[in-house]
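This report concerns only the one structure given below.
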Amino acid sequence: MKRLDEELKQIVSGIIYVRLRSIAEIIVNRKTESIEIGHRNKLIGLRADKCNRVPTQPMLDPVTNLSIYNLTYDEHTALINGLNHVYPSTRFDQSKFICNIEYFYSRLINFRTSYRHYESKHASEIVRHELTSLQLGVAAEVREAANSYRKVADSELKRTVMQNRKTFGILRSLAKNKDIIITRPDKGRGVVVMDRSDYMQKMNAILDDRSYFSLIDDDPTLVNENRLIHLLLDLKREGFISDNEYSLARPTGSRPARIYGLPKLHKQGCPLHPVMFATKTVSYGLGKMLTNRLNHLRTSR
-6 MKRLDEELKQ
4 IVSGIIYVRL
14 RSIAEIIVNR
24 KTESIEIGHR
34 NKLIGLRADK
44 CNRVPTQPML
54 DPVTNLSIYN
64 LTYDEHTALI
74 NGLNHVYPST
84 RFDQSKFICN
94 IEYFYSRLIN
104 FRTSYRHYES
114 KHASEIVRHE
124 LTSLQLGVAA
134 EVREAANSYR
144 KVADSELKRT
154 VMQNRKTFGI
164 LRSLAKNKDI
174 IITRPDKGRG
184 VVVMDRSDYM
194 QKMNAILDDR
204 SYFSLIDDDP
214 TLVNENRLIH
224 LLLDLKREGF
234 ISDNEYSLAR
244 PTGSRPARIY
254 GLPKLHKQGC
264 PLHPVMFATK
274 TVSYGLGKML
284 TNRLNHLRTS
294 R
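Here's what the structure looks like:
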């Protein structure tokens, strides 16, 4: 820009040069003002959007109590984590920790030995390695750090045990309460507490529907199991199924299917949705075998 300004001075007269400079400054000022106004309007819009933003909804309570039993605060807190919550382990794996520290130290000093060399030695023989003074110093520092970590871990585990002991006691007390049933909702995650009498009444109403269920005089599980085993043996002899498929489909120790109900919280009256638990039934293994056999038909290309 400076070079162009000098060339312009040499080409035009002084009066024209001053006039051109004034015109250029007017154009630049107008453009700068337009840009500043645009940025200012955007900033005002962003601030207004932030002020008018809808506040976040509070977290819904995952525990729904449909029973006449009043949950205490501690009982509600114990159930709020859900039925699938896994509490941290309260046991410190000493042997695994030592093995990991030794492996870390051997990689740290790049120390290598023949694979499983200790198997060729007697159990009472002490395995010793020749280490330099520097390596021994590093080993002492690693051991000190490991001992410090172990002390901290022990204190944390003790604190966790004390915190969870009360929770476990509350959960055991709720599990022993024969007047309520603790389950999950039909849709989504959460915990539902129901009166056992209400639950049994709704389940009996479902089972009394003769369009879906019928009464039988005896348990046909063993008869159906033997029939399926003979059928699978015939298919195996004919080469229709392999030995692995036969082992997968062959029922052993079968039992009748179990049924339970999950409350539909989104409907009036919270009716139960029946769910059939078919694990260990006669045809459970057969279904797994057929799934593997017919899986290629379901794969989209």
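Residue 187 in the working numbering sits at position 194 of the sequence shown; the count goes up by one each step and never skips. The C-beta atom is built at its ideal place from N, Cα and C for all residues, glycine as well.
Residue from His69, Tyr62 and Phe90 with nearest C-alpha to Ile173: For this step, residue 173 is matched to residue 180 along the sequence shown. Selected option, being the one with the closest Cα: Tyr62.
Throw me the rounded Cβ distance for the Ala146 and Ile94 pair, which I believe falls under 8 Å. Position 153 of the sequence shown holds residue 146. Position 101 of the sequence shown holds residue 94. Contact doesn't hold; Cβ gap of about 13 Å is too wide.
Beta-carbon within less than 7 Å of Val135's beta-carbon, same chain only, minus the 5 sequence neighbours each way: which residues are those? The sequence position of residue 135 within the sequence shown is 142, counting from 1. For Val135, where only same-chain residues beyond five positions count, the Cβ hits under 7 Å are Ile94 and Tyr98.
Backbone CA spacing between Asp54 and Cys263 [nearest angstrom]: As a first step, residue 54 must be located in the sequence shown, where it is residue number 61. As a first step, residue 263 must be located in the sequence shown, where it is residue number 270. C-alpha of Asp54 to C-alpha of Cys263: approximately 17 Å in a straight line.
Give the secondary structure of Val268 by DSSP, where H, G and I count as helix, E and B as strand, and everything else as coil. The residue given as residue 268 occupies position 275 in the sequence shown. Three-state DSSP puts Val268 in a strand.
Within 8 Å, strictly: CB atoms of Val275 and Thr214: Taking the sequence shown and counting its residues from 1, the one referred to as residue 275 is at position 282. Taking the sequence shown and counting its residues from 1, the one referred to as residue 214 is at position 221. Remark: C-beta atoms of Val275 and Thr214 approach each other more closely than 8 Å.
Any idea which residues DSSP pairs Arg251 with across the strands? For this step, residue 251 is matched to residue 258 along the sequence shown. In DSSP, Arg251 forms a bridge with Phe270.
Looking at chain C, is there any beta carbon in it that lies within less than 8 Å of the beta carbon of Leu226? The structure shown has no chain C; it contains just one protein chain.
Please name the residue in Leu258, His259 and Met282 whose C-alpha comes closest to that of Arg243. Taking the sequence shown and counting its residues from 1, the one referred to as residue 243 is at position 250. It is Met282.
Quick one: what's got a C-beta closer than 7 Å to Leu76's C-beta in the same chain, skipping five residues either side? The residue you call residue 76 lines up with position 83 of the sequence shown. Counting only Cβ-Cβ distances below 7 Å, and skipping sequence neighbours, we find Arg177 and Val184.
Given a cut-off of 8 Å on the beta-carbon distance, is the pair Ser256 and Leu39 in contact? Sequence index remark: in the sequence shown, residue 256 carries index 263 (1-based). Sequence index remark: in the sequence shown, residue 39 carries index 46 (1-based). The residue asked about is misnamed: residue 256 is Pro in this sequence, not Ser. No.
Per DSSP, cross-strand counterpart(s) of Val185: Taking the sequence shown and counting its residues from 1, one reaches residue 185 at position 192. Partner(s): Thr57 and Thr176.
In the DSSP assignment, the alpha helix (DSSP H) including Ile163 goes from what residue to what residue? On the sequence shown, position 170 is the one that residue 163 refers to. Ile163 -> alpha helix (DSSP H) spans Ser126 to Lys169.
Express the C-alpha separation of Val131 and Glu137 in angstroms, rounding to a whole number. Position 144 of the sequence shown, counting from 1, holds the residue named residue 137. Position 138 of the sequence shown, counting from 1, holds the residue named residue 131. Inter-residue distance for Glu137 and Val131 is about 10 Å (C-alpha atoms, whole angstroms).
Cα-Cα separation, Asp202 to Phe90: Within the sequence shown, the letter at position 209 stands for residue 202. Within the sequence shown, the letter at position 97 stands for residue 90. About 58 Å.
CA-CA distance, Glu68 and Asn170? Here residue 68 refers to the residue found at position 75 of the sequence shown. Here residue 170 refers to the residue found at position 177 of the sequence shown. If I take the Cα positions, the gap works out to 12 Å.
State the beta-bridge partners of Pro381 as determined by DSSP. Residue 381 is absent from the structure shown; the chain starts at -6 and stops at 294.
Taking the straight line between their C-alpha atoms, what separation do you get for Arg291 and Phe161? Your numbering for residue 291 matches position 298 in the sequence shown. Your numbering for residue 161 matches position 168 in the sequence shown. The C-alpha of Phe161 is placed about 45 Å away from the C-alpha of Arg291.
Compare the Cα-Cα distances from Arg158 to each of Lys2, Pro81, Asp179 and Thr65 and report the closest residue. The residue given as residue 158 occupies position 165 in the sequence shown. The shortest C-alpha separation from Arg158 is found at Pro81.
In angstroms with no decimal places, state the Cα-to-Cα distance between Ile222 and Met269. As a position in the sequence shown, residue 222 is number 229, starting the count at 1. As a position in the sequence shown, residue 269 is number 276, starting the count at 1. Distance from the CA of Ile222 to the CA of Met269, rounded to the nearest whole angstrom, comes to 23 Å.
Who are the Cβ neighbours of Asn217 in its own chain at under 7 Å, not counting the five residues just before and after it? By one-based count along the sequence shown, residue 217 stands at place 224. So the list reads Val275, once near-sequence residues are dropped.
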